[in-house]
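Participant:
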Amino acid sequence: MNDWQAVIGLEIHVQLNTRSKLFSGASTAYGAEPNTQASWVDVALPGTLPVPNIEAIRKAVTFGLAVGADVAAESIFARKNYFYPDSPKGYQISQYERPIVAGGTILARLDDGREITVQLTRAHLEEDAGKSVHDAFHAASGIDLNRAGTALIEVVSEPVMHSSAEAVAYMKAVHRLVRWLDICDGNLQEGSFRCDANVSVHQPGTPFGTRCEIKNVNSFRFVEKAIDYEIERQIRAIENGERIVQETRLYDAAANKTRTMRSKEDAEDYRYFPDPDLPPIRVTATEFDALRATLPELPDARRSRYIDAHGLTAYDANKLTEERSTSDYFEAVANALPGHSKLVANWVNGELAAALNEAQSAITASRIGAPALAGLLARIVDGTISGKIAKDVFAAMWAGEQSADAIIDARGLRQISDSGAIGQMLDDVLAQFPEQVAKYRAGDAKLFQFLVGQAMKATKGKANPTQVNELLRERLGVTG
Amino acid sequence: MAIETAQLHRLAHLARLDLPAEEERLLADDLGGLLGLIAQLQNAPVAGLTPMAHPHDLSASLRPDRITEVDQSGALARIAPEMESGLFLVPKVIE
Amino acid sequence: MSALTLAAQRAALSAGRCSRDLTEEALARAASTASLNALISCDAEGARAAAIGDGPLSGIPFAHKDLFCTRGLRTTCASKMLAEFVPPYDATIVERLTSAGAVSIGKTNMDEFAMGSSNENSAFGPVLNPWDTTRVPGGSSGGSAAIVAANVVAFATGSDTGGSVRQPAAFCGVTGFKPSYGRVSRYGMVAYASSLDQAGVIARSAADCADVLQAMAGHDPRDATSVDRTVDDYRAALDRGVRGLRIGIARELFSAGVSDAMQTTVHRALHELEAAGAILVEIDLPSLPLSIPAYYVIAPAEASSNLARYDGVRYGRRAAAVKGLHDLYSRSRAEGFGTEVKRRILTGTYVLSSGYYDAYYLRAQQVRRLIANDFARAFATVDLIAGPTTPDVAFKLGEKTADPLAMYAADINTVAVNLAGLPAMSVPAGFIGGLPAGLQLIGQAFDEASLFAAGHALQSRTDWHLAMAPGAVR
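Protein chains in written order, with the numbering used here: chain A, 8 to 487; chain B, 46 to 140; chain C, 681 to 1154.
1. Over the uninterrupted beta strand (DSSP E) stretch that includes I83(A), give me the two end residues.
2. For G111(A), which of A130(A), R86(A), A76(A) has the nearest alpha-carbon?
3. Whether or not the segment 92–101 of chain A and the segment 68–82 of chain A are in contact is what I'm after, with contact meaning three or more pairs of Cβ atoms, one per stretch, closer than 8 Å; do they touch?
4. From G1165(C) to R846(C), what distance separates their C-alpha atoms?
5. Counting only Cβ pairs nearer than 9 Å, list the residues of chain A close to T113(B).
6. Which residue or residues does DSSP assign as beta-bridge partners of S164(A)?
7. Go through the segment 798–879 of chain C residue by residue and report every complete run of the alpha helix (DSSP H) that reaches 4 residues or more, in order.
8. Residues in the segment 1026–1060 of chain C with C-beta within 7 Å of chain B's C-beta atoms, listed in sequence order?
9. Could you list which residues in chain A have their beta carbon closer than 7 Å to that of S874(C), in chain order?
10. For a minimum of 3 consecutive residues, which ranges assigned as the beta strand (DSSP E) are wholly contained in the segment 39–68 of chain A?
11. For M128(B), count the other beta carbons within 10 Å of its own beta carbon; 16 or more makes it buried, fewer makes it exposed. Which is it?
12. Quick test of the definition: if touching needs 3 or more C-beta pairs under 8 Å, does the segment 811–818 of chain C touch the segment 874–884 of chain C?
13. Under 7 Å between beta-carbons, which chain B residues line up against A292(A)? List them in chain order, please.
14. Among the residues of its own chain, which have a CB less than 7 Å from the CB of Y914(C), if the five just before and after it don't count?
15. Can you name, in chain order, every residue of its own chain whose Cβ lies under 8 Å from the Cβ of D1091(C), other than the five neighbours on each side?
16. Indicate the three-state DSSP secondary structure (helix, strand or coil) for C757(C) in the structure shown.
17. Identify the contact partners of L132(A) in chain C, using a Cβ-Cβ distance below 9 Å as the criterion.
18. Measuring only from the beta carbon, is E275(A) closer than 7 Å to any heavy atom that is part of the ligand COA?
19. In angstroms with no decimal places, state the Cα-to-Cα distance between A1137(C) and G924(C).
20. Could you work out which residues of chain A lie near G131(B), taking near to mean beta carbons separated by less than 9 Å?
21. If you count every other CB in all the chains shown that lies within 10 Å of the CB of G781(C), and 16 or more means buried, which is it?
22. Is E272(A) close to chain B? Criterion is C-beta to C-beta, closer than 8 Å.
23. For S207(A), which three-state DSSP category applies?
24. Examine chain C for any beta-carbon lying closer than 8 Å to the beta-carbon of G54(A), and answer yes or no.
25. Between the Cα of R1043(C) and those of L71(B), A57(B), A84(B), spot the shortest distance and give me the residue it belongs to.
26. Rounding to the nearest angstrom, what Cα-Cα distance links V224(A) and F215(A) in this structure?
27. Sort A1039(C), A1014(C), H951(C) by Cα distance to G1110(C) and report the nearest one.
28. Is it true that the CB of A727(C) sits closer than 8 Å to the CB of L747(C)?
29. From G735(C) to R920(C), what does the alpha carbon distance come to, in whole angstroms?
30. Around the C-beta of R902(C), are 16 or more other C-beta atoms found within 10 angstroms, so that it is buried, or is it exposed?
31. What residues are listed by DSSP as bridge partners for F158(B)?
32. So G752(C) and V774(C) are in contact, right, with Cβ under 8 Å, and what is the actual spacing, rounded?
33. Please classify V388(A): does DSSP put it in a helix, a strand, or coil?
34. For a quick check, are the C-beta atoms of A244(A) and P136(B) less than 8 Å apart?
35. Hey, out of Q439(A), G382(A), M432(A), whose CA is closest to A413(A)'s CA?
36. If we call anything under 8 Å between Cβ atoms a contact, is G853(C) one with P1068(C)?
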């Protein structure tokens, strides 16, 4: 069996979440009626001109700074000339020779814990095309230019990935980062985050093989499957003595195959040249510094800090840094309870995550805000209630029943920590279940938990479990 | 000296111009002549000169991120040669 | 009736004529000179219904080159491609001139998509020169120059990419002004070559051009190439005079292609400026001959891309019974564009093609730098540069249509100015065989004021600019 290596590079189109388009003041809101968000500029009426959106430039620079790239002090918009109905000017305004971002790296973590560093070739600004509707009319396609002109950055990786797992991990890392930086909403279903995969195979030590481009795959799962299929297809073809044709392919999710879209051998000559309507974009040192200062602590840095300074496990730290809002929430609660980060992490990743998931709510719209959760967890920390009781309180808070303290008082949930009272209660329990006590003393260790359970039941769960355990051991003469 | 027909053909394709044979021949001649004129650039003393895409070393003036445009679908429908259900129509494109 | 100047029109208004009268008279004059074919659309209805603003040009009738988008009024660019196109918006300069109170009576004829030097490339027929109707008025703003020379209106807007305001002004014996690149907004001016195009004005005098430019000029946030720089007070500059003004005379502008008669005529005009106190200084512009090949790479390149939007999908001409997308594009465009436009699109496509880009486009941009440097060096020692606007007087209709290269070569004195983005003006400088000859003055970037001062000084001591063409309304 031959030893094949796949070579994969991804081009990710990140739709920037600016309110208006890259070169026109039309809205970028998703879901509008066709051609209701298409201005004269977007429709390419004679005489119209592009004017760049300063916020789009800022977001592109922010991305560049976050990945440690070279951000150009002077970058140039270029025209990519081709005819297609979704591109009304007959050219797309993009960047060619001097993109705004060059280089940079992304750290990606695979599910098995392995980390890869992916180098970026570049990230450049460009305008999105409109949308074509092919099935609404009999012999025609319909063109909607609402999306035409929306700001994108195209993030191009070096071809340094070797498996679909690596590719997906990288794609997820970029996805997390652009959401973290608040430059893209990352909504794959709505097309805010789209991926093209370039795939080739070769035998290590030989030159790279011919690559095929799989266009516009819109979910992590489909990217994985499409790449797997494509690698398999190419290997099989080469082993059958066939030549790989350089071409663009589409992924057919229903059939789980890639198929030919158009052949790149017949490729258009894009005749790139600097857009004469757009003088160079210049970013001053002051502007760079300002943007650098507003960069948030990045997810990888936070993750490390959670592990090192907060003592969290990698698993917890990963979960907490999937989204910036989750991480911000965690920090707010953890800062209110220094030394108890693990407890906070358990609750944020546990009870809170479950409740948010069931309510289909974002953490920013959580019914229990960070201060409120901190208030609840503080009562566990100071022994007022047990962790178990806290869950009930949480549920009550989620249902809208005011603050943790109010609920604890109203329902009389204070933990019983008075050793005298607990001791008294335990004596009653032991008196109630002499058979079990005897069996325990005879060697049936499992019955210890039974007796604990009875003690908790007797106190309606309010007895401090640590003390119950301790005092019960004493009465039963358990050493150690 | 005219340019090659095949070359003119390729240019006409790139530019989406459907030229009848006679017009193609004339334009091939014209282009050949023009390229002869343009050839004068080859001896120009341009060593060390950066290309000039815009006069005056301009920087692009930028605009704030505000929605300034309204729904113009009505006006677009009035000037569109073929529009239906709010969509511009073109012959069916198969991808 | 003498030459129609802004002063004459304003005098009429002060004397009790009302703007409606002026409009009616202009419309009547347009009708009586219809054989010149200077107008593509005469908008009598719009002119009569116009709400006349209170600004500095209040009540003055004029015309727009049919390259500027006028809301609700057909804008054709003299092309079959846009023969029925009614823009839903106004160009910035259209808005500004309306705000200034001027009243447009219609859209002037031009070379198709501003590509041409004779106004013979119009889908609506050629324009005739009011000085001799067997001759061209020049192009591409031929209609605008003719309509002013015919005394129909006091001014008309034009566009200048390689001389398209200055050359027709010279051929028609009127004054034509091209501002510095970026001085006037290009928003709504249908693009030909984006880094070279500027809106300009054709009128009877430098003073009148100054007034109109004052209303047009200024930064526009809708045009990323328009400069954010205070507009000078051009009217105030008019009376500066030219004492001590250094005017550069470049041998290259009086080259072999320029007729002897033209050289003599222009030198005589320059002597007038000398007599007024200007100092003539010899300079050189050694790269000037390269400006033609450079222009005919850069302009078609930009045009080939700018005209890609004309595809029959969203507006404009759409071919009938198409057999697929490629057919829709290729036939709509083949039917919509005239030969000169096709020529330039193909040339532009060629010079941008993979494999040719470096040798042609990039090199032409380097030559552009070379030419700009020549001007910069010259302007270190002079304030203005002067020479003939054109090598000769207006040629006969049909004389150069079979030889596009000869047509292009005649632009030698004007295209360099656009490559460098400088302001320039053509003023009438005398007659050769009864036909107008033009003197071109070129200024430093954003020094329109010195041009107006010099033009006005010349026109204060001479009256060539007020001469009436035989075809003009008297």
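For glycine and all other residues, C-beta sits at the position ideal for the given N, C-alpha and C.
Facilitator: The relevant details are as follows:
1. Membership of I83(A) in any beta strand (DSSP E) is not indicated, and neither H nor E is assigned to it by DSSP.
2. A76(A)
3. no
4. This structure does not reach residue 1165(C), given that chain C is present from 681 up to 1154, and the question cannot be answered.
5. S27, S31, G32, A33, S46
6. L127(A)
7. 822–829, 846–852
8. L1026, T1027, T1029, Y1030, Y1040, L1042, R1043, A1044, Q1045, Q1046, V1047, R1048, R1049, L1050, A1052
9. P283, D284
10. Runs of the beta strand (DSSP E) lying entirely within the segment 39–68 of chain A, each at least 3 residues long, are absent.
11. buried
12. no
13. Per Cβ cutoff of 7 Å: no residues; A292(A) is ~15 Å from chain B at best.
14. A890, L893, Q894, E1128, A1129, F1132
15. S797, G842, G843, Q847, I972, Y975
16. Here C757(C) sits in coil by DSSP.
17. Ordered by position in chain C, no residue passes the 9 Å Cβ test against L132(A), which lies about 14 Å from the chain.
18. The ligand content of the structure shown is nil, which means the ligand COA is not present either.
19. 13 Å
20. E40, P41, N42, T43, G149, D151
21. buried
22. Model confidence at E272(A) stands at a pLDDT of 47, short of 50, so the residue's coordinates are unreliable; what they give is reported in the following sentence. For E272(A), the answer is no, since every Cβ of chain B falls outside 8 Å of its Cβ.
23. strand
24. yes
25. A84(B)
26. 23 Å
27. H951(C)
28. no
29. 25 Å
30. buried
31. Missing from the structure shown is residue 158(B); chain B here goes from 46 to 140 and no further.
32. That pair is no contact at about 11 Å.
33. V388(A) carries a helical assignment under DSSP once its states are collapsed to helix, strand and coil.
34. no
35. For the residues Q439(A), G382(A), M432(A), the minimum Cα distance to A413(A) belongs to G382(A).
36. Between G853(C) and P1068(C), the CB-CB gap reaches or exceeds 8 Å.
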